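Each remark here refers to the structure printed beneath this line.
In the UniProt record's numbering, the protein residues as written are 1 to 296.
Take a look at the structure:
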């Protein structure tokens with residue numbers, strides 16, 4: 001058996017960063033080996049009969065082997081190679097490899113307001129802690145880099161390790177989104193073409209029906225697929241592009257607001273100003289003036 005892990009002291013400064021690493025490690029559990037291996041602190045060690053409850057989140061990646069997982073919210077589920085298990089604070093759980101296969105596991109324990117916000121905003125769910133992502137070398141590289149960073153404990157290691165953990169959470173989210181897009185039978189090529197067309201149309205008042213036609217999709221399917229791919233409706237995406245470009249023109253040029261409105265394809269200066277204030281909290285004039293005041 002090969003096992004490497006480290007449990008870390010957490011300072012108030014570490015907590016103020018918003019995300020901090022509590023522990024990290026990796027284990028290769030051969031067939032018929034006791035699980036979990038000895039050496040972990042009492043609050044992290046557990047037996048299959050009792051299970052355990054943690055005070056932090058943990059991401060566990062099973063790169064080889066098979067096993068079983070249960071939690072308060074999830075009945076017994078088989079864990080295949082390529083599975084991420086996300087453990088939640090105060091949630092009873094237990095897991096183990098099958099005796100005839102063993103498994104290879106990598107993990108990082110973490111907590112902080114950033115992690116709590118991601119869960120409260122439904123990026124991750126306690127009801128869906130088992131994520132079948134398949135094998136991805138980038139996942140393994142991140143887990144190994146986190147473990148290596150906390151093992152050395154060089155100055156600033158906690159912020160570096162927590163940054164890599166946030167990257168890891170982002171990668172998991174990206175892979176999940178790609179799975180959803182694939183299972184929904186969405187043509188990524190058509191949506192990517194639509195994204196290009198919308199970026200080229202930032203200075204026009206093009207209709208979404210025209211964009212749908214350009215990519216050979218009916219409008220209803222186009223809108224549904226676009227939102228699945230990007231998280232926004234097509235018109236919302238275009239408005240965001242227009243507002244971002246407007247901010248650039250307001251901050252870096254002396255172009256009149258009426259001219260900016262016309263340049264970006266808005267029906268009127270009034271419509272542009274109303275939308276801009278609704279999205280930013282300031283009228284275009286107030287936005288430009290606030291930037292000018294900051295430079296004084």
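Glycine included, C-beta positions come from ideal geometry on N, C-alpha and C.
Computed from a predicted model, the values in this text were never measured in an experiment.
Residue 256 versus residue 147: straight-line alpha-carbon distance, rounded = 54 Å
Any idea if residue 210 is buried or exposed, counting beta-carbon neighbours within 10 angstroms, 16 or more meaning buried?
-> exposed
Could you check what DSSP says for residue 83 in three-state terms: helix, strand or coil?
-> strand
Can you tell me the Cα-Cα spacing of residue 127 and residue 73, whole angstroms?
-> 6 Å
Which class does residue 23 belong to by DSSP, given the choice of helix, strand or coil?
-> strand
Through-space distance from residue 282 to residue 156, alpha-carbon basis | 39 Å
Inspect the CB distances between the segment 256-271 and the segment 208-227 and report whether three or more fall short of 8 Å.
-> no
Helix, strand or coil at residue 195 [DSSP, three-state] | helix
Exposed or buried, what is residue 229 when buried is set at 16 or more other beta-carbons lying within 10 Å of its beta-carbon?
-> buried
On a CA-only basis, which of 226, 248, 249 and 138 is nearest residue 194? Give me that one, please.
-> 226
Find out if the Cβ-Cβ distance for the pair residue 105, residue 47 is shorter than 8 Å.
-> no
Under 8 Å Cβ to Cβ from residue 166, same chain only, skipping five residues before and after it: list those, please.
-> 19 and 114
According to DSSP, residues forming a beta bridge with residue 60 = 85 and 107
Where the beta strand (DSSP E) through residue 96 begins and ends | 93-97
Report the rounded CA-to-CA distance for residue 279 versus residue 240, giving the unit in angstroms.
-> 9 Å
By a C-beta neighbour count over all protein chains shown, 10 Å radius and 16 as the cutoff for buried, is residue 1 buried or exposed?
-> Low per-residue confidence applies at residue 1: pLDDT is 49, beneath 50, and the placement is therefore not dependable, though the value from the model is reported in the following sentence. Burial call: exposed.
Which residues in the same chain have their Cβ closer than 8 Å to the Cβ of residue 164, if we skip the five residues on either side of it in sequence?
-> 142, 145, 146 and 149
Using alpha carbons as the reference points, say which of 207, 285, 237 and 162 lies closest to residue 22.
-> 162
Apart from the five residues on each side of it in sequence, which residues of its chain come closer than 7 Å, Cβ to Cβ, to residue 204?
-> 265
Please say whether residue 290 and residue 272 have beta carbons closer to each other than 8 Å?
-> no
Among all the DSSP beta bridges, which residues are the ones paired with residue 29?
-> 103
3-residue-minimum beta strand (DSSP E) runs that sit fully inside the segment 119-182, ordered along the chain = 130-132
How would you write the range of the alpha helix (DSSP H) that residue 257 sits in, first residue to last?
-> 257-263
In the structure shown, what three-state DSSP assignment does residue 186 receive?
-> coil
Hey, how far is the Cα of residue 268 from the Cα of residue 232?
-> 24 Å
My guess is that residue 75 and residue 101 are in contact by the Cβ rule of under 8 Å, so how many angstroms apart are they, rounded?
-> Not really, about 21 Å apart at Cβ, beyond 8 Å.
What residues match up with residue 70 in a beta bridge as DSSP calls it?
-> 94
Which residues in the same chain have their Cβ closer than 6 Å to the Cβ of residue 276, if we skip the five residues on either side of it in sequence?
-> 284
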